[in-house]
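Chains as they are written, first to last, in the working numbering: chain W, 1 to 479; chain P, 1001 to 1273. Okay, structure first, notes after.
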Amino acid sequence: MIFYNTELTLFFEIYLILILAYAILIMSSYLILAYLSTKELKEYLKKNSFVDYEVLLTSEFAPKLSLIAPAYNESFTIQENVKSLLSLNYNNYQVIVVNDGSKDNSMEILIKTYDLILTELDFHSKIETKKIRGIYTSKNAAFKKLIVVDKENGGKADALNAGLNIAQNPYVVCIDVDCILDKDSLLKLAKPFLESYGKRIIATGGVVRIANQCVIKNGRLVDVNIPDVMLSRIQVLEYLRAFLLGRMAWGRLDGLLLISGAFGAFDKEIALLAGGYNTKTVGEDMELVVRMRRYMLENKIPYTVSYIPDPLCWTEAPEDFKIFKKQRSRWMRGTIETLSIHKKMFLNPKYNRLGLLSIPYWTFFELLAPGIEFTGLVITALFIIFGLLKWHFFLLLLLFVYSFAIFFSVIALYSEERTYHKYPKQADFFKLLLAAFIEPFYFHPLAVYAALIGYKEKIMGTKGWGEMTRKGFTKKEES
Amino acid sequence: MINFRELYKNSTWVEPFLILTISLFVTASFILYVMIIRSRNRNIRKERLRIEYSSLIEKLIFSIIFDDTPFSVIKEDKGYIKYANNPFFREVITETIMNLHKNYEGVYAQKLEKFYTESGLIKDSFKKLRNPKWEVKCKGITELAEINATKAFDTILTISKGRNKTLKITALNACIKLRGTKGIVHLTEHHYPIDDWTQINIINAFKKHDIGDTKGIELLLESQNSTVVTLGLKLIKELNLTQKIPYVTQLAARTTNSQLKYKAQDVLQTLTV
């Protein structure tokens, strides 16, 4: 019995030290990334204050862009959303709306609103997609930028591939049709494609922010508010941390693996050469970036991926747990699928920083973190049952993690305050601060649970996105 | 004094370590919180001051522009005397003059330029050119170019030869505004590639400032730097300089660079249609 207790105590000691080491490792990496991000952000903002984006508006040398917006059952908002896409501040662009076999009357609304007629468009399908039922353009010259593709349902990746086949311009901007774009978003997204000499810019991405409870007028965001619903409010904070303190650093390290599917621009030629979007994964946005990068590295073509910290795209975050769970489990499945498709890159020096840093980071801190956390909880529960838990030490460990979580959120708030200052109302700042205190008890367990569901779905072989119900921004629009 | 070696050896380091880091996180969070509040208050105070200064500045500037009030009278104004040496007041007045100067031409613009010189604000802008921080230099260049301070041309031209891209673009724009083509002919000797973004900015500066005298643009076609030649071709095409056709024809005939040959032929086709 003495031996049994000694063994268990030893196991307990080792377990706690391992948990502590993992926590220290993850926290250190967050802090290093935050430091690099802040440095890069400061430099970017300094440079940006002297940039005149208007030069792109009048120049025939501005990159020609094709916006691809897949739409599935978006009848509630499609009319307004397409209107806002057509009125962006840019000249050299076309809008391709791909109706991915919607079951609602999206197509009828588009035909009626934009005077659409069936057109014979000359294009060469480089990627196989589900059958295209028809391609429409407008009779009205005011909508000459618009092309609507009506196709059979094949999922988001398939719809984006159809858009890639049809796009006539060298750069494609893939967006979620229900996102609200900043009016200068295309100007900012296009600029990096002009800036590199000797290195090909294969993709650029911008920051996505949460638009719940913000005021939208004529398809544009006019007033930024913090959501009252705690679940979406905490997501505001989460997005601030991810985009301001994380991705900017990965951009600086040239190790960015993910450009949000909600808003990103790609070099069409490279995207096609890499094989387009993978229809077999739900993480098609991340998978495409990894595959394009892998293609460039394997073919020894100098390249880079650019990242813009400006808030260019505003999206609706889930407000209830059911939808949140679906979204997060899908994200986890997407991560598992992407990392497993590209497992060859893991710790492979052939893939430089991507193989030695980005992929291992995502594997250990994004993919495995929820699993490690869950295992820790189970072991802790067992220790409690067997009466082996050193409560004093355990509580200190909890406090350590909790205080870091708050500290990191406050860094994000400070960074936001000193840079974009999008939440100037005092009340909004305090709402976010309160959210930082609540998050570890409320939001974080839900996020871990949803990620575990993602593991389970992957093991069970679940495919597809599942239905994503959105409330739509129009409910909050000012007349 | 804590003996760290002892702590580590007998495995009792974990608890003190946790307590220390928790205290650090809590303290750092509190400091950041105070910094956020201070930053917010500073912004509010700055905004209040800006409103206060703006009403005084507008009164003074409009009396200079529309009532021909000389600087000798302005410098006796109680409000002006009170704030004349305040750095933030000088920042706001400079911004106001720059914004107004963009909108006015002719005699009104000249009055603003005269005030800028007489009030000594121009000295602040020249001082910025000597600042080691590139972003301050950029600000000085923008101000001097806006106010047509041709005296600054040589200094700005030297700055434009540097490697900082943002500074380079700002300086080249200023040089073009101040001296037209003379502001870019030195690029023929430029050793580094000029990216498309810089080229678009140069072309835009020519269009924006309506540079009529384009003598010397053809020199860019003789550069050994292919990106400079490309810039020359783009300028000729965008500004529709049909008088430069012979130089483009010569380039198309002599260059061994297939890309440049193609671009030159494209320009010729555009200009001769």
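Even glycine gets a Cβ: it sits at the ideal position worked out from N, Cα and C.
- According to the DSSP assignment, S138/W belongs to the beta strand (DSSP E) that extends over 132-138.
- At a cut-off of 8 Å between C-beta atoms, E195/W counts as an interface residue with respect to chain P.
- Looking at the DSSP output, A69/W shares a beta bridge with V97/W.
- N278/W places its beta carbon less than 8 Å from that of E287/W.
- In summary, the residues of the stretch 1028-1050 of chain P whose CB is separated from some CB of chain W by less than 8 Å are A1028, S1029, L1032, Y1033, M1035, I1036, S1039, R1040, N1043, in the order they occur in the chain.
- Per DSSP, R200/W lies in no alpha helix (DSSP H); the unbroken beta strand (DSSP E) holding it starts and ends at 200-210.
- The straight-line gap separating the alpha-carbon atoms of G198/W and P302/W is approximately 7 Å.
- The C-alpha of L257/W is placed about 36 Å away from the C-alpha of L1172/P.
- In terms of Cβ geometry, P311/W and Y420/W form a close pair [threshold 8 Å].
- Rounded to the nearest angstrom, the gap between the Cα atoms of F393/W and M27/W is 19 Å.
- R220/W: not part of any alpha helix (DSSP H); member of the beta strand (DSSP E) spanning 220-223, first to last residue.
- Secondary structure within the stretch 341-410 of chain W: the alpha helix (DSSP H) runs of 4 or more consecutive residues, fully enclosed, are 369-385 (chain order).
- Under a 10 Å Cβ-count criterion, S1258/P is classified as exposed, with fewer than 16 other Cβ atoms of the shown protein chains found around its own Cβ.
- Of the candidates T1242/P, E1222/P, L1233/P, the residue whose Cα lies closest to the Cα of K1263/P is L1233/P.
- Distance from the CA atom of D1196/P to the CA atom of N1204/P, rounded to whole angstroms, is 12 Å.
- Chain-order list of chain W residues neighbouring F1025/P: S403, F404, F407, by C-beta distance under 7 Å.
- The distance from the Cβ of V55/W to that of I1200/P is about 5 Å, consistent with a contact at the 8 Å cut-off.
- Contact between L146/W and Y114/W holds, since their C-beta atoms are separated by about 6 Å, short of 8 Å.
- Beta-bridge partners assigned by DSSP to I175/W: F263/W.
- Annotation note: the stretch 1213-1243 of chain P contains the following uninterrupted alpha helix (DSSP H) runs of length 4 or greater, listed N- to C-terminal: 1226-1238.
- Taken atom to atom, the span from the alpha-carbon of Y1108/P to that of L1144/P is near 17 Å.
- Ranked by Cα distance from I96/W, the first of A69/W, S87/W, N89/W is A69/W.
- Note that the C-beta distance between A262/W and C313/W is below 8 Å.
- If you draw a straight line from the Cα of A1174/P to the Cα of I1022/P, it comes to about 53 Å.
- The beta-carbon distance between L41/W and L244/W, rounded to whole angstroms, is 7 Å. This is short enough to meet the 8 Å contact definition.
- Straight-line spacing of the CA atoms in V51/W and L45/W works out to 10 Å.
- Looking at the DSSP output, I308/W sits in a beta bridge with G206/W.
- Under the Cβ criterion of 8 Å, E1015/P is counted among the residues facing chain W.
- For Y361/W, the closest alpha carbon among the candidates I32/W, A451/W, K183/W, E74/W is that of I32/W.
- Under the DSSP assignment, I216/W falls in the beta strand (DSSP E) whose first and last residues are 215-217.
- Membership of V229/W in any alpha helix (DSSP H) is not indicated, and neither H nor E is assigned to it by DSSP.
- Per DSSP, the unbroken beta strand (DSSP E) holding D150/W starts and ends at 146-151.
- Nearest C-alpha to I19/W among E373/W, Q426/W, Y449/W, E120/W: E373/W.
- Within the same chain, I1061, L1112 come within 7 Å of L1100/P by CB-CB distance, once the 5 residues on both sides are set aside.
- For Y455/W, same chain residues with a beta-carbon under 7 Å away, outside a window of 5 residues either side, are M332, G371 in chain order.
- By the CB criterion at 8 Å, G163/W and V177/W fall outside the cutoff.
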